[in-house]
Each structure stands twice: as C-alpha cells, then as structure tokens.
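Right, one structure below, let's go through it.
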Amino acid sequence: MTLRRPVAPRALHPGAWWLWALGLATAASRTTNPWLLLLILAVAGHVVTARRTDAPWARSFAVFLKLGLVVLAIRVVGQTLFGAAASGNVLLDLPELPLPAWAAGVTLGGPITDAALAAALLDGLRLATVLACIGAANALANPRRLLASAPAALYEVGVAVVVALSFAPSLVTGVQRIRAARRLRGRPDRGLRSIVSVAMPVLEDALERSLALAAAMDSRGYGRRAGVSRAVRRRTAVLTLAGLGGVLVGLYGLLDGTGPPWLGVPVLLGGILVAMLALRSAGTGVVRTRYRPDPWAGPEWLTVGTGVLAAAGGVVTTVTAPGALLPDPLPLTAVPLPVMAATGILLALLPAWGTPPPPALASTPRRDDASRTHRPAPSTSTSNSSEVAA
Amino acid sequence: MSASLPTGRAERDPASQAVRPARTRAQLLLGPRTVIALLLVSAVGFVAFTWPLLASPDSGLAHASDAPLLFALLLPLLLAVVLAQLAEGGMDAKTVAMLGVLAAVGAALRPLGTGVAGFEPVFFLLVLAGRAYGPGFGFVLGALTLFSSALLTAGVGPWLPFQMLGAAWVGAGAGLLPGRLRGAGELAVLAGYAAVAGLAYGLLLNLSFWPFAIGTGSSISFVAGDPLVDNLGRFLAFTLVTSLGFDIPRAVVTAALVLLTGRPILRALRRAGRRAAFDVAINFSPTDDRTSSAEATAPHAGAPAHGEPRDG
Chain A
69 MTLRRPVAPR ALHPGAWWLW ALGLATAASR TTNPWLLLLI LAVAGHVVTA
119 RRTDAPWARS FAVFLKLGLV VLAIRVVGQT LFGAAASGNV LLDLPELPLP
169 AWAAGVTLGG PITDAALAAA LLDGLRLATV LACIGAANAL ANPRRLLASA
219 PAALYEVGVA VVVALSFAPS LVTGVQRIRA ARRLRGRPDR GLRSIVSVAM
269 PVLEDALERS LALAAAMDSR GYGRRAGVSR AVRRRTAVLT LAGLGGVLVG
319 LYGLLDGTGP PWLGVPVLLG GILVAMLALR SAGTGVVRTR YRPDPWAGPE
369 WLTVGTGVLA AAGGVVTTVT APGALLPDPL PLTAVPLPVM AATGILLALL
419 PAWGTPPPPA LASTPRRDDA SRTHRPAPST STSNSSEVAA
Chain B
13 MSASLPTGRA ERDPASQAVR PARTRAQLLL GPRTVIALLL VSAVGFVAFT
63 WPLLASPDSG LAHASDAPLL FALLLPLLLA VVLAQLAEGG MDAKTVAMLG
113 VLAAVGAALR PLGTGVAGFE PVFFLLVLAG RAYGPGFGFV LGALTLFSSA
163 LLTAGVGPWL PFQMLGAAWV GAGAGLLPGR LRGAGELAVL AGYAAVAGLA
213 YGLLLNLSFW PFAIGTGSSI SFVAGDPLVD NLGRFLAFTL VTSLGFDIPR
263 AVVTAALVLL TGRPILRALR RAGRRAAFDV AINFSPTDDR TSSAEATAPH
313 AGAPAHGEPR DG
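If you want it as structure tokens, here you go:
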C-alpha cells in the first residue's frame, strides 16, 4: 500500500483506536484456534509498534501482555491442581488429596491429561489475546483526548476527572514539599508516625485547592446548565428509567432462559437503545462548544472499518464453520486455519500504514498544570452560561 | 449527611431554576428519580457480578465466553447513564472540584497498594468521604476514583467497570450509615463498615473474575444451573485458593486506617464542606425562610484560612 502524498502527522481519534481494538478483541473472544489467536497477537503488536508514541501510556501494551501471561499461568495451574477427570492421555498422575466434606465435588490433584492441559492452555491464550487487544487500545489512544470526546451529558463528570488527572501529579510534589519541610525542621520524615503528619497537611492543602478551584469555576460559569424545560427533564427521566428497567428485565430473561424468547435479547437490546437515547437527551441541557475537537476523517473510518471486519470475519465463521473456531486442539497439525476469519484479522493490519503517523513529542504538549486553577478544563470551553443565579 | 435533604427541589420548583437552594455542603442532592436510577443500575450490577451463581443451564449466558464481554460493555453505558442522571440532579462547581480533588488523592494513593499484599488504601478515603458528604457523592467518588486511576496508569481493562461499580457501592454505603453518630462510636462503626466493605468488594471482584480466571473445565469452576449452595462452595474454594490471603489483610488494614486517621480526616472534610457554602441563595423576598440560612453561612463564605497548622 503506497501513499500518494506524505500525510501530516497527527494523532488518530482515540475512539477509533478503541473501536478497532474492541473489534479485534471480539474476534479473539470467539475462538480458541491457536493460529487465529497468534495472528491477532501479531497484528495488534505490529500496529502498536508502528503507531505508538513516546507517551507514558504507550508502554501499557507490554504490561497487558505480561498480565495475559499471568492469566495463562493461573489457567494452567488451576487446571493442573483442580482439573476434573477428563479424557485424553495421562501425562502425569498427581496424588489426589482427600478434602473435607464441605468441599464436596472439589478435587485436588489427580491425573493430568494432555487434552485437558491443551484446552486450558488455549483458553488461557484466548484471554491473553483479548487482554493484549485492550492493551493495544490503551497504548495507542490518548486517554485525555478520549475524555474530551465523552458525551455531553457527562460534562460535569468529565470535568471532575480532568481535575483529578491534572491534580494527581501535583499531589506527589505536595508530599515531597511537606516532607522536605519536616526534614528541615529536624522532624522524622519516614516511618509510620510521620505518614499521618505528612498526609494530613497534603489533604488539607488539597481541600483548600478544591475550594479555590470551585470558587474560580463558579465565577466563570462552570457547573451551570442551560435552562432545561421541564418537558425535556421529564423525557430524560422517563428514558433513563425505562432504559435501565429494560436492561434489567432483559438480563433476567437471559439468565432464566425458561421464559418467552422475546424476554431475553430483544428486551435487553431495546433497553440499551433507550438508555443511549436517555444519555443523548440528558446532553441537551449542556450547551457547549468543544475546544479543538479531534477530527474524524478517512483514517478513522479505515481503522474502525478494519476492526469491524475482523470481528465480522469471526462472527461469520462462527456460523459457517464453527468447528474451525473451537477446534479439537490435539493434534496441533490438524487444527485448520479458517480463511474468512484470518482474512478479517489480517485486514486489521491496515491501520499500520493507512493512518497518519503520530506526532513526534519534540514539541512538548501543553501541560495541564493544576496550579492554573482558573482553567480547570483545558479541553473544553464554555460558550453558554445562560443560567446564572440571581 | 443523609439522603433526606431537600430532595428533588430543582425538579419540582420552577423558581429554583433561577435561584438555587442554599446548601451547606459540597454534596449531591438525590432526587427520587436519581434514587430509582441508582437502584436499577445497582440491580443490573448485582446480576453482572453474580451471574455465574444465578444462570440457569439453558440460559443464553451459560457459556463462560460471552457473558463477561457483555457485562464489560454494558456496565460502562449504564454507569454513564446513572452518572449523567446524578449530574443532572445537581452537580455544581463545588461538587465537581471536590470530586476531582478527592479522586486525585485516591488515584495517587492507589499505586501505594500494589507493592504490599492486600493493602488497598483507596477504601478508607472512600468510606470517610462517603460518610462526610453523603451517599450520592460517595457513589460518584468511588466510580471516578477508580476511573481516574485507570486513566493515569493506562490500565483500562474489562475489569474496570466492575471495580468502578464496586467502589461506588463502598462509597455510597458509607453515606447510608446512620447519620447521628459522632466521636468514638462513629469511628467504630466506620471501621467495622470499612472492614466488611473491603471484604465484600474483594469477594465481588473475585466473583466477576471467576469465569475469566478458571474457565469451565476444572472442579472449582462454576456450573451453570447447579444449586446455589454447590456453586457457592466451589466459589469459596476458588477464593480460598486465589485471593483470600489478600482480602482479609485488606479488610484489617482498611479498618485500622479508618480508626487511626478517621478523626482528623473527617474533621478536615467536614470543615471543607462547610467552607464550600459560598453558594448562598440571594433572595430579595423578606418572607423566604432561606434568607436566614443564607445569613448564617455567609460570613464564612470563602474566608481565607488563617493560622492553620500546615504541618504536624
């Protein structure tokens, strides 16, 4: 794939990366075919190495890979120690420990068969792959920009999170400052007793700042809402309660499984839809423009589209050749490679070339410094504060 | 302190769109609609945690692979809806700032817990803040603390919605404790609650992790449709093996932290809550009873802190 003209570096919309990764994760969660899972791991790893930045969060792919290894280990160890008797060739016969009566049904030890071990290994690999996909999203998407594109109804909550993200680093410097002050006064700055006497001033300082911040925000119109008519309020409330109730009833129908079939998935989906509408309706009370919104252009569509294709390949194969997605793992040479699912996954490799390269961090990004309390939310700006008390 | 505040005033009284009711604390008003929404989301969340115990064998969720994914995608939407509803009920600049700052404190405390087995320092802050500012505030603070912490460490994973909901419950529960207690009795109740909440949080998170961690093949996996007691026995065996060694120390440490630091932290939080009362309703009608409360709180409004001990 060749590019006709050089593309200016820019960060891809974080939502696009998340949808792409969720598509891959969906494909991974539907299969225990080792070839497909390894293919997904390779695709995610390649795109991450091609498109990640030097930002701190870009390291999380490796963290999630290690976490996946831990999950894999738990799976295999759990299967080894607690595995119920399964078919297959016995590899190792551990002595079986007798357990007290209350633990009826739980076996500890016993024979380990190759089939059970392979199944545990592949199931663990599937979870590790899903985790790796989530890790890829964490590594590629800028969490602050994702926050900036949260729905309008979550404006206040989003501001609170932005305050938290900006304020947390300065807490650490606050602790260092107060410990330095204690050292200068000849008081202990280590040990259990000093923790409380360091923590309390830090907390008081934090609360003090929150008051200053609240006063500054209040005087600039944050936390105010445009006048929302009672009809809209009522509509939001009705949609919220109906959506949540629908989800609850749908889940009940799904769990029970004995009721009429329409009580399960259809009601659940309807509830989800109505809940989304409620979120949108609640957003009408927030009339604000976005400051420097992230563009959603061709590369974003490409990224999301390939993610959807990867998931679709998996789902289609579930229907056409279910055996290929959940194969008998032994012998490994007989495990087939379903072409449709593999093609979908390979298409998810396209964002490695089809997206603009990430901006280099040479130009330091604007710091969201919490000391500038007069701008609590740098990514958003008020355009309307029509409702001012008194 | 308690949920029996002037609930839903903004919804009933059209005049309050122009003049907001005077408040003395940076807390969230819980209108009846918000309470119902909270209860509904909590019910869905309860199912999201306990479905391995409840699912019948012929249900659509009985296979372990789909349900965790479903709930990991469903819970964020529901949390967003209920947080939007809470924000609509009355989240002003004070509440937003206080939430942000306390969530930052919690997020900064969280990495301290990763090195030591079972030490999770977030909970004692959640318990104390929920106690000081009420159940609505505690709910939002619990959810936002875990969310900010995950964003800071780039650890957004399928476990995050479950953690957010669990921590939100911990904070909200602290706000629902009986309101009149003060002094040593209050600390004792809070410490007991913190221990129980820490243990329950660990068990619930474990329950959500159970189908993930061990699958369906082993003798400590869940069996869809089995009697509740049998599944519970297997779950307890799983907990015993994996995480009880973390959960019990965590409960003890959280309770001890509440006992040790509860008094000064509660005092600081309540004082900040009182000082946040600069949002007095200015009302020109002399017959309104709100004028008196405005006068009572106005002299403290935004007063700078003189001569406070900054250290020690």
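Just so you know, the sequences run in chain order A and B. Take 69 as the starting number for the first sequence in my numbering and just add one per residue. Take 13 as the starting number for the second sequence in my numbering and just add one per residue. Yeah, the Cβ is synthetic: ideal placement off N, Cα and C, and Gly gets one too.
Cutoff 9 Å: residue i Cβ touching any chain A Cβ
{"i": "residue 186 of chain B", "result": "no"}
{"i": "residue 181 of chain B", "result": "no"}
{"i": "residue 104 of chain B", "result": "yes"}
{"i": "residue 168 of chain B", "result": "yes"}
{"i": "residue 107 of chain B", "result": "yes"}
{"i": "residue 375 of chain B", "result": "The requested residue 375 of chain B is not part of the displayed model; chain B covers only 13 to 324."}
{"i": "residue 134 of chain B", "result": "no"}
{"i": "residue 278 of chain B", "result": "no"}
{"i": "residue 270 of chain B", "result": "no"}
{"i": "residue 110 of chain B", "result": "yes"}
{"i": "residue 159 of chain B", "result": "yes"}
{"i": "residue 55 of chain B", "result": "yes"}
{"i": "residue 96 of chain B", "result": "yes"}
CB contact flag (residue i, residue j, <9 Å)
{"i": "residue 281 of chain A", "j": "residue 231 of chain A", "result": "yes"}
{"i": "residue 186 of chain A", "j": "residue 348 of chain A", "result": "no"}
{"i": "residue 419 of chain A", "j": "residue 75 of chain A", "result": "no"}
{"i": "residue 147 of chain A", "j": "residue 188 of chain A", "result": "yes"}
{"i": "residue 83 of chain B", "j": "residue 219 of chain B", "result": "no"}
{"i": "residue 371 of chain A", "j": "residue 80 of chain A", "result": "yes"}
{"i": "residue 270 of chain B", "j": "residue 211 of chain A", "result": "no"}
{"i": "residue 416 of chain A", "j": "residue 88 of chain A", "result": "yes"}
{"i": "residue 180 of chain B", "j": "residue 135 of chain B", "result": "no"}
{"i": "residue 398 of chain A", "j": "residue 182 of chain A", "result": "yes"}
{"i": "residue 379 of chain A", "j": "residue 412 of chain A", "result": "yes"}
{"i": "residue 215 of chain A", "j": "residue 195 of chain A", "result": "no"}
Buried versus exposed call for residue i [16 or more other C-beta atoms within 10 Å across all chains shown]
{"i": "residue 164 of chain A", "result": "exposed"}
{"i": "residue 102 of chain A", "result": "buried"}
{"i": "residue 244 of chain A", "result": "exposed"}
{"i": "residue 301 of chain B", "result": "Note on residue 301 of chain B: pLDDT 49, under 50, position unreliable in the model; the coordinate value appears next. Exposed is the call here."}
{"i": "residue 320 of chain A", "result": "buried"}
{"i": "residue 387 of chain A", "result": "exposed"}
{"i": "residue 84 of chain A", "result": "buried"}
{"i": "residue 157 of chain A", "result": "exposed"}
{"i": "residue 333 of chain A", "result": "exposed"}
{"i": "residue 359 of chain A", "result": "exposed"}
{"i": "residue 160 of chain B", "result": "buried"}
{"i": "residue 134 of chain A", "result": "exposed"}
{"i": "residue 96 of chain B", "result": "buried"}
{"i": "residue 163 of chain B", "result": "buried"}
{"i": "residue 269 of chain A", "result": "buried"}
Contact with chain B by residue i, beta-carbon distance below 9 Å
{"i": "residue 206 of chain A", "result": "yes"}
{"i": "residue 81 of chain A", "result": "no"}
{"i": "residue 258 of chain A", "result": "no"}
{"i": "residue 308 of chain A", "result": "yes"}
{"i": "residue 437 of chain A", "result": "Residue confidence is low: residue 437 of chain A scores 41 on pLDDT, short of 50, so the model does not pin down where it sits. No coordinate-derived value is stated."}
{"i": "residue 305 of chain A", "result": "yes"}
{"i": "residue 121 of chain A", "result": "no"}
{"i": "residue 254 of chain A", "result": "no"}
{"i": "residue 161 of chain A", "result": "no"}
{"i": "residue 346 of chain A", "result": "yes"}
{"i": "residue 128 of chain A", "result": "yes"}
{"i": "residue 94 of chain A", "result": "yes"}
{"i": "residue 299 of chain A", "result": "no"}
{"i": "residue 359 of chain A", "result": "no"}
Assumed close pair residue i, residue j - CB separation to whole angstroms, cut-off 8 Å
{"i": "residue 215 of chain B", "j": "residue 175 of chain B", "result": "In fact, because the Cβ distance is near 14 Å, the residues do not count as touching under 8 Å."}
{"i": "residue 77 of chain A", "j": "residue 427 of chain A", "result": "4 Å"}
{"i": "residue 312 of chain A", "j": "residue 56 of chain B", "result": "7 Å"}
{"i": "residue 200 of chain A", "j": "residue 112 of chain A", "result": "6 Å"}
{"i": "residue 275 of chain B", "j": "residue 210 of chain B", "result": "Incorrect: roughly 20 Å between the Cβ atoms, too far for contact."}
{"i": "residue 284 of chain B", "j": "residue 279 of chain A", "result": "6 Å"}
{"i": "residue 99 of chain A", "j": "residue 394 of chain A", "result": "7 Å"}
{"i": "residue 182 of chain B", "j": "residue 40 of chain B", "result": "The Cβ separation is near 16 Å, so there is no contact."}
Quiz item: Which ranges would you report for the alpha helix (DSSP H) in the segment 138–226 of chain A if only whole runs of at least 4 residues count?
Solution: Given a length threshold of 4 residues, each whole run of the alpha helix (DSSP H) inside the segment 138–226 of chain A is given here in chain order: 182–208 and 211–216.
Self-check item: Segments assigned alpha helix (DSSP H), at least 4 residues, entirely inside the segment 73–129 of chain A
Solution: Runs of the alpha helix (DSSP H) inside the segment 73–129 of chain A: 82–97 and 102–119.
Quiz item: What residue ranges within the segment 215–283 of chain B form continuous alpha helix (DSSP H) runs of no fewer than 4 residues, ordered along the chain?
Solution: Within the segment 215–283 of chain B, the complete alpha helix (DSSP H) runs of at least 4 residues are 240–254.
Quiz item: Along the chain, which unbroken stretches of the alpha helix (DSSP H) at least 4 residues long are found entirely within the segment 287–367 of chain A?
Solution: For the segment 287–367 of chain A, whole alpha helix (DSSP H) runs of length 4 or above, ordered along the chain, are 298–324 and 333–351.
Practice problem: Give, in chain order, every unbroken run of the alpha helix (DSSP H) that is at least 4 residues long and sits entirely within the segment 44–72 of chain B. | Solution: Note on the segment 44–72 of chain B: whole alpha helix (DSSP H) runs with a minimum of 4 residues are 44–66, in chain order.
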